[in-house]
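Enquirer: Following this message is one structure expressed as structure tokens.
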């Protein structure tokens with residue numbers, strides 16, 4: 501018996517119409533990335549992302565808007581991770597600048613509605629602890645500097661007042 | 085006590101009364117010689133104590149060729165030290181609005197203790213790198229964040245850029261997970277981990293389809 505494929509040809513053509521290697525590559529990759537990120541998403545976000553990536557047909561405007569919102573939060577948190585990492589390459593010269601810089605670097609997961617999960621908190625905590633260590637050190641240093649500054653200011657004020665009242669009593673007019 | 089001055093700058097001869105151990109204020113109009121007198125007094129006291137001869141700096145012009153008119157100060161022999169609060173003093177220590185001593189931060193604060201503190205901070209920032217190395221999951225997270233973000237392509241006013249990977253992959257829906265009904269029987273190939281290669285193979289094989297009505301792969305069953 502001959503295996504005629506007359507009726508199959510149409511289907512085979514259909515497959516190559518529907519699927520395009522590049523598209524599948526992107527899809528596979530993005531699905532994989534989403535799966536990797538799953539544990540960082542809030543529960544509801546995870547559900548809706550899952551719906552997006554398993555859409556049988558094209559996505560809706562609503563889904564796109566939602567996804568862009570997720571992306572925005574991801575970018576914002578990502579920037580913090582990256583900026584903190586980049587800190588390691590920088591040499592900081594002024595303690596006031598360090599404090600100003602680091603204060604913004606900590607991650608408060610509460611402000612990332614789509615990334616509310618234990619995994620996110622855990623990672624943010626690791627980074628925050630490192631930042632706190634530096635902030636603490638910088639804080640102590642800044643405290644010392646402020647004391648010193650205050651002391652100098654006091655000595656100066658004291659001298660100034662004394663000398664000025666001296667000169668004033670002696671008839672100098674300023 | 086009375087101090088007498090001779091041949092100091094423009095002063096041929098002068099005498100002032102000062103009270104030891106007190107602030108003595110002398111005032112007069114400009115050019116009278118207040119500064120010269122105070123300088124002469126300081127020089128004479130310092131010269132005696134240090135063996136210098138700074139008083140000669142006050143030698144008047146008119147005496148340059150005349151060795152008789154050398155500056156002299158009399159009556160200051162009993163004075164051990166003199167403190168002068170002149171214009172220079174007031175300019176240096178008084179009336180600087182913000183900072184009395186210029187550069188006080190660098191002089192008093194940027195000392196070795198500060199430098200040591202900064203070094204410790206530097207050490208801590210460097211240890212951040214180690215923290216990232218030790219927590220490979222954060223690196224992975226950042227890599228995934230980057231990958232996902234990049235898949236959105238260039239930002240557009242609304243929606244997702246049509247040429248972005250995300251749009252290309254999902255605009256027609258996920259046909260890997262949802263294999264269309266009419267080709268359902270190919271599902272296990274389409275959903276396999278090798279699906280990209282398989283699709284390429286299907287596409288490449290199409291040229292053989294029109295040659296015969298037999299399967300180009302299994303001509304005979």
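Residue numbers (this note's numbering), protein chains in the order written: chain A, 501 to 674; chain B, 85 to 305.
For every residue, glycine included, the Cβ atom is placed at its ideal position computed from N, Cα and C.
Nothing here was measured: the structure is a model prediction, and the numbers come from that model.
#1: If you measure from the beta carbon of residue 609(A) to each beta carbon in chain B, is any gap under 7 angstroms?
#2: So if I threshold CB-CB distances at 7 angstroms, which residues from the region 112-127 of chain B count as touching chain A?
#3: Can you list, in chain order, the residues of the region 602-633 of chain A whose Cβ is nearer than 9 angstroms to any Cβ on chain B?
#4: Helix, strand or coil: how does DSSP classify residue 303(B) here?
#5: Run through the DSSP bridge pairs and tell me what residue 97(B) is partnered with.
#6: On the DSSP letters alone, give me the boundaries of the alpha helix (DSSP H) that residue 446(A) sits inside.
#7: What does a CB cutoff of less than 8 angstroms around residue 244(B) pick up in its chain, not counting 5 residues either side in sequence?
#8: Looking at C-beta atoms only, is the number of pairs between the region 278-286 of chain B and the region 505-520 of chain A that lie closer than 8 angstroms three or more?
#9: Provide the residue span of the beta strand (DSSP E) that contains residue 157(B), from first to last.
#10: Touching or not, the region 631-641 of chain A and the region 203-217 of chain B, by the rule of three or more beta carbon pairs under 8 angstroms?
#11: Should residue 574(A) and residue 229(B) be called a contact, given that it needs their Cβ atoms to be closer than 7 angstroms?
#12: List the residues of chain B that residue 575(A) touches, going by C-beta distances under 9 angstroms, in chain order.
#13: Residue 236(B) versus chain A: which residues are under 9 angstroms apart at the beta carbon?
#14: So what does DSSP say about residue 148(B), is it helix, strand or coil?
#15: Answer with buried or exposed for residue 651(A), where buried requires no fewer than 16 other C-beta atoms within 10 angstroms of its C-beta.
#16: Could you tell me which of 297(B), 99(B), 233(B), 270(B) sits nearest to residue 121(B), measuring between CA atoms?
#17: Any idea if residue 526(A) is buried or exposed, counting beta-carbon neighbours within 10 angstroms, 16 or more meaning buried?
#18: Tell me where the alpha helix (DSSP H) around residue 529(A) begins and ends.
#19: Beta-carbon of residue 547(A) versus every beta-carbon of chain B: anything under 7 angstroms?
#20: Taking the CB atoms as reference points, tell me whether residue 287(B) and residue 514(A) lie closer together than 7 angstroms.
#21: Give me, in chain order, the residues of the same chain whose beta-carbon lies closer than 6 angstroms to that of residue 88(B); leave out the 5 immediate sequence neighbours on both sides.
#22: Check the C-beta distance from residue 627(A) over to residue 616(A) and give it rounded, since I have them as a contact under 8 angstroms.
#23: By the criterion of Cβ-Cβ separation under 7 angstroms, what are the contact partners of residue 142(B) in chain A?
#24: Could you tell me which of 291(B), 114(B), 214(B) sits nearest to residue 171(B), measuring between CA atoms?
#25: List the whole-angstrom C-beta distance separating residue 97(B) from residue 90(B), where the pair is believed to meet the contact cut-off of C-beta under 8 angstroms.
#26: According to DSSP, is residue 245(B) part of a helix, a strand, or is it coil?
#27: Output, in chain order, the set of chain A residues within a Cβ distance shorter than 7 angstroms of residue 100(B).
#28: Looking at the structure shown, is residue 290(B) part of a helix, part of a strand, or coil, going by DSSP?
#29: Near residue 210(B), which residues of its chain fall below 7 angstroms by C-beta distance, leaving aside the five closest residues on each side in sequence?
#30: Indicate whether residue 118(B) and residue 110(B) have their beta-carbon atoms separated by less than 7 angstroms.
#31: Buried or exposed: residue 145(B), going by 16 or more other Cβ atoms within 10 Å of its Cβ?
#32: Could you check if residue 501(A) is buried or exposed, using at least 16 other CB atoms within 10 Å of its CB as the buried criterion?
#33: Can you tell me whether residue 237(B) is helix, strand or coil according to DSSP?
#34: Is it right to say residue 224(B) is buried, meaning 16 or more other beta carbons lie within 10 angstroms of its own, or is it exposed?
Expert: If we stick to the structure as given:
#1: What you label residue 609(A) is simply residue 109 of the first chain in a count that begins at 1. Not closer than 7 angstroms to any Cβ of chain B, the Cβ of residue 609(A) fails to qualify, so no.
#2: none
#3: 619, 620, 622, 623, 626, 627, 629, 630, 631, 633
#4: Translated into positions along the second chain, residue 303(B) becomes position 219. Of the three classes helix, strand and coil, the one that applies to residue 303(B) here is coil, per DSSP.
#5: Taking the second chain and counting its residues from 1, the one referred to as residue 97(B) is at position 13. For residue 97(B), which the question treats as bridged, DSSP gives the partners 90(B).
#6: There is simply no residue 446(A) to check, as chain A begins at 501 and stops at 674 in what is shown.
#7: Residue mapping note: residue 244(B) aligns to position 160 of the second chain, counting from 1. Only 236, 237, 250, 251 meet the Cβ criterion.
#8: yes
#9: The residue given as residue 157(B) occupies position 73 in the second chain. Looking at the DSSP string, the run of the beta strand (DSSP E) that includes residue 157(B) is 156-158.
#10: yes
#11: Translated into the one-based positions of the first chain, residue 574(A) becomes position 74. Translated into the one-based positions of the second chain, residue 229(B) becomes position 145. The answer is yes: Cβ separation under 7 angstroms.
#12: Counted from its first residue, the first chain places residue 575(A) at position 75. Near residue 575(A) (Cβ distances below 9 angstroms), the residues of chain B are 229, 233.
#13: One-based indexing of the second chain puts residue 236(B) at position 152. The contacting residues are 567, 568, 571.
#14: Taking the first residue of the second chain as 1, we reach residue 148(B) at position 64. Reduced to three states, the DSSP call for residue 148(B) is coil.
#15: Taking the first residue of the first chain as 1, we reach residue 651(A) at position 151. Classification of residue 651(A): exposed, given that the 10 Å Cβ count is below 16.
#16: Position 37 of the second chain, counted from the first residue, corresponds to residue 121(B). That would be 99(B), whose Cα lies nearest to the Cα of residue 121(B).
#17: As a working note, residue 526(A) is residue 26 in the first chain. Per the 10 Å Cβ criterion, buried.
#18: In the first chain, counting from the first residue as 1, residue 529(A) sits at position 29. Where residue 529(A) is concerned, the enclosing alpha helix (DSSP H) stretches over 521-537.
#19: Counting from one through the first chain, the residue named residue 547(A) turns up at place 47. So, not an interface residue.
#20: Counting from 1 along the second chain, the entry for residue 287(B) is found at position 203. Counting from 1 along the first chain, the entry for residue 514(A) is found at position 14. Not in contact: residue 287(B) and residue 514(A) (Cβ atoms no closer than 7 angstroms).
#21: Along the second chain, read from residue 1 onward, the residue named residue 88(B) stands at position 4. The answer, listed in chain order, is 99, 158, 159.
#22: Position 127 of the first chain, counting from 1, holds the residue named residue 627(A). Position 116 of the first chain, counting from 1, holds the residue named residue 616(A). Rounded, the Cβ-Cβ distance is 17 angstroms, inconsistent with contact.
#23: As a working mapping, residue 142(B) is identified with position 58 in the second chain. The contacting residues do not exist; residue 142(B) stays about 25 angstroms from chain A at best.
#24: For this step, residue 171(B) is matched to residue 87 along the second chain. Selected option, being the one with the closest Cα: 114(B).
#25: Residue mapping note: residue 97(B) aligns to position 13 of the second chain, counting from 1. Residue mapping note: residue 90(B) aligns to position 6 of the second chain, counting from 1. Residue 97(B) to residue 90(B), Cβ: 5 angstroms. Contact.
#26: Taking the first residue of the second chain as position 1, residue 245(B) is located at position 161. Residue 245(B) falls in the coil class under three-state DSSP.
#27: In the second chain, residue 100(B) corresponds to position 16, counting from 1. In chain order: nothing, as chain A lies at least about 15 angstroms away.
#28: Translated into the one-based positions of the second chain, residue 290(B) becomes position 206. Residue 290(B) falls in the helix class under three-state DSSP.
#29: To locate residue 210(B), count along the second chain from 1; it is residue 126. The answer is none, since no qualifying residue turns up.
#30: Here the question's residue 118(B) lines up with position 34 in the second chain. Here the question's residue 110(B) lines up with position 26 in the second chain. Yes, the Cβ-Cβ distance between residue 118(B) and residue 110(B) is below 7 angstroms.
#31: Here residue 145(B) refers to the residue found at position 61 when the second chain is read from its first residue. It is exposed - the Cβ of residue 145(B) has fewer than 16 other Cβ atoms within 10 Å.
#32: Here residue 501(A) refers to the residue found at position 1 when the first chain is read from its first residue. Residue placement at residue 501(A) cannot be trusted, given a pLDDT of 48 that sits under 50; what the coordinates show is reported in the next sentence. The residue is exposed, with fewer than 16 neighbouring Cβ atoms inside 10 Å.
#33: To locate residue 237(B), count along the second chain from 1; it is residue 153. Here residue 237(B) sits in coil by DSSP.
#34: The residue labelled residue 224(B) in the question sits at position 140 within the second chain. It is exposed - the Cβ of residue 224(B) has fewer than 16 other Cβ atoms within 10 Å.
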